[in-house]
Amino acid sequence: MNKMNLGLWIFTSLLLLSSLSQSKDKTISALKKAYKKLKKMLPLFLLMMAGFSFIVTYVPPELIQRSIGVDSGIKGVFTALGLGSIVIMPGFAAFPLCAALKGEGVPYYIIAAFSLSLMNIGIMSFPLEKKFLGSKIAFVRNFFAFFVCVVTVVIVKIIFGE
Amino acid sequence: MRKKGFLYIISFFFFIFFIGLSYFIDYENGQKTGFAFVKVLTEMLKILTCAFILIGLFEVWIKKEVVIKHLGEDGGLRGYFWVLLLAGFSVGGLYVGFPLAETLQKKGASLKVIFAYLGFVGVCRIPMTIFEISFLGLPFTFVRLMITIPLFLLIGVLMGIVLKKKGYSMEIMR
Numbered sequence: 001m002n003k004m005n006l007g008l009w010i011f012t013s014l015l016l017l018s019s020l021s022q023s024k025d026k027t028i029s030a031l032k033k034a035y036k037k038l039k040k041m042l043p044l045f046l047l048m049m050a051g052f053s054f055i056v057t058y059v060p061p062e063l064i065q066r067s068i069g070v071d072s073g074i075k076g077v078f079t080a081l082g083l084g085s086i087v088i089m090p091g092f093a094a095f096p097l098c099a100a101l102k103g104e105g106v107p108y109y110i111i112a113a114f115s116l117s118l119m120n121i122g123i124m125s126f127p128l129e130k131k132f133l134g135s136k137i138a139f140v141r142n143f144f145a146f147f148v149c150v151v152t153v154v155i156v157k158i159i160f161g162e
Numbered sequence: 001m002r003k004k005g006f007l008y009i010i011s012f013f014f015f016i017f018f019i020g021l022s023y024f025i026d027y028e029n030g031q032k033t034g035f036a037f038v039k040v041l042t043e044m045l046k047i048l049t050c051a052f053i054l055i056g057l058f059e060v061w062i063k064k065e066v067v068i069k070h071l072g073e074d075g076g077l078r079g080y081f082w083v084l085l086l087a088g089f090s091v092g093g094l095y096v097g098f099p100l101a102e103t104l105q106k107k108g109a110s111l112k113v114i115f116a117y118l119g120f121v122g123v124c125r126i127p128m129t130i131f132e133i134s135f136l137g138l139p140f141t142f143v144r145l146m147i148t149i150p151l152f153l154l155i156g157v158l159m160g161i162v163l164k165k166k167g168y169s170m171e172i173m174r
């Protein structure tokens, strides 16, 4: 993941430099826009990250692993969906956890329920989403994302037949 | 809105106070929380800073006509292909997706394309997908992509059509 970050920084710097060589004013205005956007979401973002750090401390991965690992079937799916919807976790933390679950014999469809809801449904990040989409549409988007998760879980269950 | 901002700041100060106190009285879980916070924040800011600079550059350099032509109401199927690609190269997930969607709307992209993008950005970011393959294997990731991409495309189009009829705009929401 660090290589990816480095690549991202190099890419951004190169674009920024070429922008600067074309027009100084436009580049400054781009940076101002970037700052404005970042500032807009920073307070909520800080709070979300605070929430995340509470979760990783008080609800350690082992606990998530244990609660997802115990039940399979519909109950297991809903536990995984619920946890995935509430918890905020970046990909670099989530997939190792998923792999650990797989190693313990947790079937793919439960892992799909967890990883998909993690990436697409955000209960804790709802205030932030609301700021961009409005609460009604933010709710609709999350609802549809939930629907996609459920459909995917069912098909994964059928295909992998676990 | 301003009242809420104040609330966020107060809660955040409580959080900082809690961390500080934990170090003072040597409360281990509090210290762990602080450590996790700094770690995830630096990790995310590394990505977000770049992402927002890129969005800024996009806003300044990409002409409105270009966005309208390719991602607008009459952009056709190509528009969905472009946002699929855009989602593939997005970083930071939905947190970056929302501001970028806002920019796209400002530039004249259609709501169908924007909501398709918001669906795609959760499921087909390339770095995330590669990471997923390395941990869960290609068959799983392949099946997941094959199901989620068409579904989110369908939902994006559907939401776009309905919301357009209702005169929805992300700008009005604030």
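Line by line, the protein sequences give chains A and B.
This note's numbering applies: residue 1 is where the first sequence begins, and numbers increase by one.
This note's numbering applies: residue 1 is where the second sequence begins, and numbers increase by one.
The beta carbon of each residue, even a glycine, is placed where N, CA and C say it ideally should be.
Computed from a predicted model, the values in this text were never measured in an experiment.
Distance from the CA of Ile9 (chain B) to the CA of Gly92 (chain B), rounded to the nearest whole angstrom, comes to 24 angstroms.
For the options A:Lys37, A:Met49, A:Lys136, A:Leu16, the alpha carbon positioned closest to that of Met124 (chain A) is the one of A:Met49. Look at the segment 48-117 of chain A and you find these whole runs of alpha helix (DSSP H), each 4 residues long or longer: 61-70, 73-86, 91-103.
DSSP places Gly122 (chain A) in the coil class of the three-state scheme, outside both helix and strand. Think of a sphere of 9 angstroms around the beta carbon of Ser29 (chain A): the chain B residues whose beta carbon falls inside it are Gly56, Glu59, Val60, in chain order. Nearest neighbour of Thr57 (chain A) by Cα position, chosen from B:Phe135, B:Glu28, B:Val83, B:Val60, turns out to be B:Glu28.
Bounds of the alpha helix (DSSP H) holding Ile130 (chain B) are 126-136.
In this structure, the alpha-carbon of Ile25 (chain B) lies about 41 angstroms from that of Ile53 (chain B). For the pair Thr49 (chain B) and Gly161 (chain A), the Cα-to-Cα distance works out to about 43 angstroms. Between Gly108 (chain B) and Lys64 (chain B), the CB-CB gap stays under 9 angstroms.
Counting only residues of its own chain and dropping the five nearest sequence neighbours on each side, Val148 (chain A) has a CB closer than 8 angstroms to the CB of Leu116, Asn120. Ile16 (chain B) and Ala36 (chain B) have their C-alpha atoms some 13 angstroms from each other. Along the segment 73-93 of chain B, going in chain order, the ones with a CB nearer than 7 angstroms to a CB of chain A are Val91, Gly93.
Interface annotation, Phe17 (chain B): not in contact with chain A, CB-CB separation never under 9 angstroms. When rounded, the separation of the alpha-carbon atoms in Val151 (chain A) and Ser67 (chain A) is 22 angstroms. When C-beta atoms of the segment 125-138 of chain A are compared with those of the segment 97-105 of chain B, three or more pairs fall below 8 angstroms, so the two segments count as touching. Taking CB atoms only, Gly82 (chain A) has no neighbour in chain B less than 9 angstroms away.
The C-alpha of Leu21 (chain B) lies about 11 angstroms from the C-alpha of Gly34 (chain B). Take Gly122 (chain B), set aside five residues on each side of it, and the residues of its chain with a beta-carbon closer than 7 angstroms to its own are Gly93, Leu94, in chain order.
Close to chain B, meaning a Cβ-Cβ distance shorter than 8 angstroms, are the following residues of the segment 51-83 of chain A: Phe52, Ser53, Phe54, Val56, Thr57, Tyr58. Residue contact check for Phe114 (chain A) against chain B: no CB pair falls below 9 angstroms. The beta carbon of Leu17 (chain A) sits no closer than 9 angstroms to any beta carbon of chain B. Put simply, the backbone Cα of Ala145 (chain A) is about 21 angstroms away from that of Pro107 (chain A). Rounded to the nearest angstrom, the Cβ distance from Ile111 (chain A) to Leu136 (chain B) is 7 angstroms, consistent with a contact under 8 angstroms. For Lys33 (chain A) against Gly56 (chain B), the beta-carbon gap comes to about 4 angstroms, under 8 angstroms, which counts as contact. For the segment 8-32 of chain B, the set of positions with a beta-carbon nearer than 7 angstroms to some beta-carbon of chain A reads Tyr8, Ile9, Ser11, Phe12, Phe15, Asn29, Lys32 in chain order. Under the 9 angstroms criterion on CB atoms, Glu104 (chain A) is classed as non-interfacial with respect to chain B.
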